[in-house]
Amino acid sequence: MKKRKIIPYDPKLKAYARELRNNSTKAEIYLWLKLKGKQMHGYDFHRQKPIDQFILDFFCYELMLGIEVDGYTHELPEVLSKDEIKERRLNQLGIQVLRFSDAEVKTQMESVLCAIADYIEDYEKGCS
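Using the numbering used here, the first residue of the sequence shown is number 1, and each one after it goes up by one.
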């Protein structure tokens, strides 16, 4: 049995993550309906998962995959900079991040799901 890597997180973020789960955006809710219950190729996703000093919108431990759904504020330079720092740190922890815009999730869900499925298929090929 493969030993699970321990991923650090700031315990202070747990309450904030719970608040985010209780106040999800419509796009996050739509995507969650497709990810929950191991619907995505049998993988278990969690939402609003604290990791290190950040909270990922969705996270799958087995795949070491984070998924972010970015609203319009993520187009602002100061937010883009924070997103880059977050993604770099998550990559250092061995986590790959897929980003989708709010609009993509709402209007192009099939494309979003295909991108996630493609990532999973590539991951599985690398494990065999």
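C-beta: ideal position from N, C-alpha, C; glycine also.
Check whether the Cβ atoms of residue i and residue j sit closer than 9 Å, and answer yes or no.
{"i": "arginine 89", "j": "phenylalanine 54", "result": "yes"}
{"i": "isoleucine 85", "j": "leucine 65", "result": "no"}
{"i": "arginine 21", "j": "arginine 4", "result": "no"}
{"i": "isoleucine 7", "j": "isoleucine 67", "result": "no"}
{"i": "leucine 98", "j": "tyrosine 123", "result": "no"}
{"i": "aspartate 52", "j": "tyrosine 9", "result": "yes"}
{"i": "lysine 170", "j": "alanine 27", "result": "There is simply no residue 170 to check, as the chain begins at 1 and stops at 128 in what is shown."}
Identify whether residue i lies in helix, strand or coil by the three-state DSSP scheme.
{"i": "leucine 138", "result": "Residue 138 cannot be examined here, being either before or after the span of the chain that is shown, 1 to 128."}
{"i": "leucine 113", "result": "helix"}
{"i": "leucine 90", "result": "helix"}
Would you mind working out which of the options sits nearest residue i, comparing C-alpha positions?
{"i": "alanine 15", "options": "Gly71, Pro50, Lys106", "result": "Pro50"}
{"i": "aspartate 70", "options": "Tyr123, Ser24, Asp44, Asp122", "result": "Ser24"}
{"i": "leucine 31", "options": "Cys127, Cys114, Asp10, Tyr9", "result": "Cys114"}
{"i": "methionine 109", "options": "Ile29, Lys125, Cys60", "result": "Ile29"}
{"i": "phenylalanine 58", "options": "Phe100, Gln92, Leu93", "result": "Phe100"}
{"i": "cysteine 127", "options": "Asn91, Gln92, Val112, Glu62", "result": "Glu62"}
{"i": "glutamate 121", "options": "His41, Glu104, Glu87", "result": "His41"}
{"i": "valine 112", "options": "Pro11, Lys38, Lys34, Glu87", "result": "Lys34"}
{"i": "glutamate 87", "options": "Ala103, Leu56, Glu104, Cys60", "result": "Leu56"}
Which residues does DSSP list as the beta-bridge partners of residue i?
{"i": "arginine 99", "result": "Glu68"}
{"i": "aspartate 52", "result": "Tyr9"}
Spell out whether any CB of chain C is found under 9 Å from the CB atom of residue i.
{"i": "methionine 40", "result": "Reference to chain C is not applicable here, since this structure consists of a single protein chain."}
For this session: Enumerate, from N- to C-terminal direction, the unbroken alpha helix (DSSP H) stretches of 4 or more residues contained entirely within the stretch 4-48.
Result: 13-22, 26-35
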